[in-house]
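Heads up, the thing below is written out as structure tokens.
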Amino acid sequence: MINPMKKILLAARTSDRQVVLEALREAEIVHVDPVIPEKVIVPSTLNEAIENTRKVVALLHQLNPDLKGKLATPGTPSRLVEEAQTHEKVIPEQRDRILALHQELEETAAWGNLGLKDIAWLEDNGLKIEFYRGPGADAAEIAAEFITEIMKSGDSVLFMTASRQPVRVSEKFSRVPRPAREIEEITAEINVCQKVISEQEHALACIALRLADIEHYHTKLLNRKRFTEVETGVHGEEEIFVLSGWCPADKASELTTTFEEAGLAVALELSEPAEDEVPPTSLKKSFLSNSVQPLYDFMGLVPSYNEPETSGLFLSMLTVFAAFMVADAGYGLLTVLVLLLAYKPLLNRGADRNFLHLGLFLFGGTTIYGLLNNSWFGETWHLFPGYEFDPGTPAGMVTLQGLCFLMGVCHLTLAHVMKARRRKLDLTLLSEVGWIIFLWAMYGVVCMLILQKPFVLPFEFVAPMLKISLLLILLFTEPSLNPLKCIPAGIGAILLNAANCFSDIVSYIRLWAVGLAGGKVAGA
């Protein structure tokens, strides 16, 4: 839930500036803004520390290490950030080195086991060992005391020569440099590089166990930056400095108490936000909002201050949608049991508690809906005497399709109600009432067209509802005593939105279609 915010204007003695800012920082309930933004100066080292920490947090979030048997790395978060950056830099360097070594290994493997130490011993004892490549049929044109064939590729042959005198060869042959190392030496270096990578990944996994501490350190750095901006951007007038900011309405008394306990003489003014101001968002954490937070984080959603709180509604509708799409109590119950059994072990290994709660919500809803459907592992099992509902029969399909349409019109109605609650209390609200009635009239039409019979709403109500809704929309979209002004605006709204109401309701049949397809797959 979004906290209502109060705008604060604070004035205190310049001599108390550092103490006041420190008190605000420790309170952690105030968002402060610089009064003079053009005076803001943030140290480059602080910006660099924030950016490095942000990169490390993102890196650790991407890891999915096996934490069994690993111990958290000790040390301060700042040192952990430095270590993580070092490990992150070493890993790609070693991987690039391995690629180069594999290429060298591939080139050396073609030579076979040359025995480079033996060749070096022969050269130390007066022999000249050289390698030439050329046509095998012309080997006689190589003048040397000893010639042997190393390898052959088509008509081209690689020869090794040994001689105490300079070797004479024809222009058909080209001298080839020998490999610098044996295969075993290259393979050993590859193994060393792989071991280094494994050690670096293990070190990162151990640092990942301190992810919460690093994230808290990142938050502290951001707060330090914010207060640095405020400190350099405050308005000073001789012995008084002034700053502005925001505070949750229910925490305002705590802020006053903080200054009183610190013995600070501070003038504090609290006011409501102006219409053109957008306060920072402060969320009241609840079980429902926490459970859906992983999905918000994945999608990058952060509610604005003026937006309504929809976490509970979003989670409930998401649960219903997931239940309709899976529509199988067997798989839902199996997943719920697995999550419950693995709950504590997963938490001990660093799993997100809110993500586990989200899974329990979704698959718990799937289990309940599957029970109502009598659907178990792709089959219809009637476990309750007297309850013979079968989603595979024509009557069962009509019921499920009707539920989809009913859920759609309820969902759209709720959206119009939430929209109306945020509008000013005037005659235009009657147009919203008209659109709600129009939605239900379209729902009745959809049921008759697709289901061939009414579902919940009697069809004889449709015509009167259409007349009432159209009248409200025509007259109150832009209410005016001049009918030549209000009626054209209403006609335009109807032409733009009427077809959308029909198609929006019909689109909810996709829930039934996806659930049917999932059932067929489960049955197969």
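Just so we're aligned: 1090 in the numbering used here is position 390 of the sequence shown, and the numbers increase by one with no gaps anywhere. Glycine residues also receive a C-beta, built at the ideal position from the N, C-alpha and C atoms. Since this is a predicted model, take the numbers as computed values, not measurements.
Return the bridge partner residues of residue 706 from the DSSP annotation.
-> For the purposes of this step, residue 706 is taken as residue 6 along the sequence shown, with counting starting at 1. According to DSSP, which records beta bridges pairwise, residue 706 is partnered with 947.
The region 1119-1129 contacting the region 1078-1085, beta-carbon criterion three pairs below 8 angstroms | No, because fewer than three Cβ pairs between the region 1119-1129 and the region 1078-1085 fall closer than 8 angstroms, the two stretches do not touch.
Bridge partners - residue 858, DSSP secondary structure assignment | Numbered from 1 along the sequence shown, position 158 holds the residue referred to as residue 858. In DSSP, residue 858 forms a bridge with 833 and 851.
Residue 830 versus residue 805: straight-line alpha-carbon distance, rounded | Start at 1 with the first residue of the sequence shown, and residue 830 comes out as number 130. Start at 1 with the first residue of the sequence shown, and residue 805 comes out as number 105. About 21 angstroms.
Counting along the chain, where does the beta strand (DSSP E) carrying residue 966 start and finish?
-> Residue 966 sits at position 266 when you count from the first residue of the sequence shown. Element bounds for residue 966: 966-971.
Does DSSP put residue 1053 in a helix, in a strand, or in coil?
-> Residue numbering aside, residue 1053 sits at position 353 when the sequence shown is read from its first letter. For residue 1053, the secondary structure class from DSSP, reduced to helix, strand or coil, is helix.
Using the C-alpha atoms, what's the distance from residue 836 back to residue 860?
-> Your numbering for residue 860 matches position 160 in the sequence shown. Your numbering for residue 836 matches position 136 in the sequence shown. Taking the straight line from one Cα to the other gives about 12 angstroms.
Drop a sphere of 10 angstroms on the beta-carbon of residue 1132, count the other beta-carbons inside from all chains shown, and report buried for 16 or more, exposed for fewer.
-> Locating residue 1132 in the sequence shown gives position 432, counting from the first residue. Burial call: buried.
Length at least 4, wholly inside the region 1028-1106: the alpha helix (DSSP H) runs in chain order | 1029-1041, 1043-1048 and 1053-1073
Consult DSSP for residue 846 and reduce its assignment to one of helix, strand or coil.
-> Residue mapping note: residue 846 aligns to position 146 of the sequence shown, counting from 1. Three-state result, residue 846: strand.
Excluding the five sequence neighbours on either side, which residues of its own chain have a C-beta within less than 7 angstroms of the C-beta of residue 781, listed in chain order?
-> One-based indexing of the sequence shown puts residue 781 at position 81. Excluding positions up to five away in sequence, the list reads 752, 753, 756 and 914.
Supposed contact pair residue 1179 and residue 1128 - C-beta distance, whole angstroms, cut 8 angstroms = Position 428 of the sequence shown, counting from 1, holds the residue named residue 1128. Position 479 of the sequence shown, counting from 1, holds the residue named residue 1179. Yes, residue 1128 and residue 1179 are in contact; Cβ-Cβ is about 6 angstroms, under 8 angstroms.
Whole-angstrom distance between residue 904 and residue 1107, CA atom to CA atom | Locating residue 1107 in the sequence shown gives position 407, counting from the first residue. Locating residue 904 in the sequence shown gives position 204, counting from the first residue. If you take the alpha carbons of residue 1107 and residue 904, they lie about 47 angstroms apart.
Residues in its own chain within less than 6 angstroms of residue 993 by CB, not counting five upstream and five downstream?
-> Residue numbering aside, residue 993 sits at position 293 when the sequence shown is read from its first letter. Cβ neighbours of residue 993 beyond the five flanking positions: 1054.
Run the CB neighbour count on residue 1042, radius 10 Å, all protein chains shown included, and call it buried at 16 or more, exposed below.
-> As a working mapping, residue 1042 is identified with position 342 in the sequence shown. The residue is exposed, with fewer than 16 neighbouring Cβ atoms inside 10 Å.
Beta-ladder partner(s) of residue 869, from DSSP | The count along the sequence shown starts at 1 and reaches residue 869 at position 169. Residue 869 pairs with 842.
Between the CA atoms of residue 786 and residue 873 - distance to the nearest angstrom = Mapped onto the sequence shown, residue 873 falls at position 173. Mapped onto the sequence shown, residue 786 falls at position 86. Their backbone Cα atoms lie some 49 angstroms apart in a straight line.
Are residue 1015 and residue 1061 closer than 8 angstroms when you measure CB to CB?
-> Counting from one through the sequence shown, the residue named residue 1015 turns up at place 315. Counting from one through the sequence shown, the residue named residue 1061 turns up at place 361. Against a cut-off of 8 angstroms, the Cβ pair of residue 1061 and residue 1015 comes out as a contact.
DSSP state of residue 1167, grouped into three classes?
-> As a working mapping, residue 1167 is identified with position 467 in the sequence shown. Helix.
Alpha-carbon spacing of residue 963 relative to residue 956, whole angstroms | The residue you call residue 963 lines up with position 263 of the sequence shown. The residue you call residue 956 lines up with position 256 of the sequence shown. Taking the straight line from one Cα to the other gives about 11 angstroms.
Nearest-angstrom Cα separation, counted from residue 789 out to residue 735 = Here residue 735 refers to the residue found at position 35 of the sequence shown. Here residue 789 refers to the residue found at position 89 of the sequence shown. Its pLDDT being 49, under 50, residue 735 is placed unreliably in this model, and the coordinates cannot settle the point.
Pick out whichever of 958, 1203 and 1153 has its Cα sitting closest to the Cα of residue 1095.
-> Taking the sequence shown and counting its residues from 1, one reaches residue 1095 at position 395. Here the closest residue by C-alpha is 1153.
Strand pairing of residue 874, partner residues [DSSP] = Counted from its first residue, the sequence shown places residue 874 at position 174. In DSSP, residue 874 forms a bridge with 833.
Do you know offhand how far residue 938's Cα is from residue 723's?
-> Translated into positions along the sequence shown, residue 938 becomes position 238. Translated into positions along the sequence shown, residue 723 becomes position 23. Low local confidence applies: a pLDDT of 47 at residue 938 is under 50, so the model's placement there is unreliable, and no value is given.
Please list, in chain order, all residues of the same chain as residue 1139 whose beta carbon is under 8 angstroms from its beta carbon, the five residues on each side excluded.
-> What you label residue 1139 is simply residue 439 of the sequence shown in a count that begins at 1. Excluding residues within five positions, the ones whose Cβ falls inside 8 angstroms are 1109, 1112, 1113, 1116, 1201 and 1205.
Strand pairing of residue 953, partner residues [DSSP] | Here residue 953 is taken as the residue at index 253 of the sequence shown, counted from 1. DSSP lists no partner for residue 953.
Contact check, residue 1066 vs residue 1022 under 8 angstroms by CB: the rounded distance?
-> Indexing the sequence shown from 1 puts residue 1066 at position 366. Indexing the sequence shown from 1 puts residue 1022 at position 322. Between residue 1022 and residue 1066 the Cβ distance is about 6 angstroms, and since that is below 8 angstroms, they are a contact.
Alpha-carbon spacing of residue 1161 relative to residue 1198, whole angstroms = To locate residue 1161, count along the sequence shown from 1; it is residue 461. To locate residue 1198, count along the sequence shown from 1; it is residue 498. Cα-Cα distance, rounded: 18 angstroms.
According to the neighbour-count rule (16 or more other Cβ atoms, all chains shown, within 10 Å of its Cβ), is residue 762 buried or exposed?
-> Taking the first residue of the sequence shown as position 1, residue 762 is located at position 62. Its Cβ having fewer than 16 others within 10 Å, residue 762 is exposed.
State the CB to CB distance for the pair residue 952 and residue 712, rounded to an integer number of angstroms; the pair is presumed to be in contact (CB under 8 angstroms).
-> Position 252 of the sequence shown holds residue 952. Position 12 of the sequence shown holds residue 712. Residue 952 to residue 712, Cβ: 17 angstroms. No contact.
Excluding five sequence neighbours on each side, which residues of the same chain lie with their C-beta closer than 8 angstroms to the C-beta of residue 808?
-> The residue labelled residue 808 in the question sits at position 108 within the sequence shown. Excluding residues within five positions, the ones whose Cβ falls inside 8 angstroms are 879, 881, 882, 883 and 886.
Grab the span of the alpha helix (DSSP H) containing residue 1150 for me, first residue to last.
-> Locating residue 1150 in the sequence shown gives position 450, where the first residue counts as 1. From DSSP, residue 1150 is part of no alpha helix (DSSP H); its letter is neither H nor E.
Expressed to the nearest angstrom, what Euclidean distance is found between the alpha-carbon atoms of residue 1020 and residue 1034?
-> Locating residue 1020 in the sequence shown gives position 320, counting from the first residue. Locating residue 1034 in the sequence shown gives position 334, counting from the first residue. Residue 1020 and residue 1034: Cα-Cα distance of roughly 18 angstroms.
List the DSSP bridge partners of residue 828.
-> Translated into the one-based positions of the sequence shown, residue 828 becomes position 128. Answer by DSSP bridge pairing, in chain order: 863.
From this set, 797, 1017 and 1036, which residue's C-alpha is nearest residue 891's C-alpha?
-> One-based indexing of the sequence shown puts residue 891 at position 191. Closest by alpha carbon: 797.
Any heavy atom of the ligand PLP within a distance shorter than 7 angstroms of the CB on residue 1058?
-> Questions concerning the ligand PLP fall outside what the structure shown contains, since it holds no ligand whatsoever.
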